[in-house]
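Residue numbers (my numbering): 15 to 299. The beta carbon of each residue, even a glycine, is placed where N, CA and C say it ideally should be.
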Ligand code: MN
């Protein structure tokens, strides 16, 4: 089977969110720039505390999951249920907002580098009103697989085949069956990974540009862009132009209507109105 081809490029745009955190948004920068079931991908990366220090004070979510993956820096998560979680460099947090969570995500440093990603994944209609839950993943819980031709992969969700064994990430049992990998390749290195046929897939190049697809007709993906992949075959990526780092994401599409109003993502306008009303009247969760 031929490898998935680069079908669409979604460049990231500089924006700001929370109380004034500078970030680059690719998926979700406009409503059309979604890859079902993925709603949004933000990259934050700065050595300047003014870009991140204000953080994300108390705010609500309903109807989807947020996945925060830290490369550098330290954030503290606190929610209205009394849960507290430390996000450490190399660690992650998988939060299922379900019917509602009100939380804050605040930097725990006044200097140094803050770098990472927040991904939003939609929930199926049947799960949008389930109770909120979350899972803090310590850095050492994320397996690192060294690739035979050089480079390495960290497996956050889903699993990777290494020879005749499977290495599974710490996040399992999500109904959209997500694959979340952080890949580093040396110049000239390559990476291939099967993805379930019918599942959506995209890559986000965060350092360097990638060549995507079979060698004969590989297409370039510029740095700090999301590349949406078409077809049903495996993903094939080469570092044709220097060393690279990228995320690979895949999941089962929901094929359900999406109505978003800020931090609420539901299937109908009425459900959004209900969410706003519930939040205003302290009934969100
Ligand atoms: Mn949040």
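Go ahead and pull the three-state DSSP assignment for residue i.
i, result
"residue 67", "coil"
"residue 246", "coil"
"residue 186", "coil"
"residue 231", "helix"
"residue 288", "helix"
"residue 33", "coil"
"residue 283", "helix"
"residue 18", "coil"
"residue 237", "coil"
"residue 294", "helix"
"residue 47", "coil"
"residue 215", "strand"
Considering only the alpha carbon of each residue, which of the options lies closest to residue i?
i, options, result
"residue 180", "203, 207, 275", "207"
"residue 17", "237, 110, 245, 162", "245"
"residue 236", "289, 249, 222, 242", "222"
"residue 295", "188, 114, 270", "114"
"residue 190", "264, 68, 156, 289", "264"
"residue 127", "94, 88, 253", "88"
"residue 154", "261, 101, 253, 40", "101"
"residue 147", "216, 53, 98", "98"
"residue 125", "131, 61, 84, 185", "61"
"residue 281", "186, 254, 269", "269"
Quick check: what's the CA-CA separation for residue i versus residue j?
i, j, result
"residue 121", "residue 229", "42 angstroms"
"residue 48", "residue 96", "32 angstroms"
"residue 65", "residue 36", "5 angstroms"
"residue 276", "residue 118", "16 angstroms"
"residue 143", "residue 284", "14 angstroms"
"residue 219", "residue 27", "14 angstroms"
"residue 272", "residue 43", "15 angstroms"
"residue 111", "residue 145", "8 angstroms"
"residue 80", "residue 108", "6 angstroms"
"residue 256", "residue 29", "28 angstroms"
"residue 123", "residue 67", "8 angstroms"
"residue 21", "residue 136", "22 angstroms"
"residue 166", "residue 150", "23 angstroms"
"residue 175", "residue 299", "39 angstroms"
"residue 160", "residue 289", "45 angstroms"
I'd like to confirm something about residue i: is its beta-carbon nearer than 7 angstroms to some heavy atom of the ligand MN, or not?
i, result
"residue 285", "no"
"residue 70", "yes"
"residue 80", "yes"
"residue 124", "no"
"residue 94", "no"
"residue 10", "The requested residue 10 does not occur in the structure, where the chain is confined to residues 15 to 299."
"residue 213", "no"
"residue 88", "no"
"residue 269", "no"
Report task. Tell me the start and end of each unbroken beta strand (DSSP E) in the segment 142–189 that is at least 3 residues and wholly inside, in chain order. Result -> 147–151, 158–160, 166–171, 173–176, 179–182
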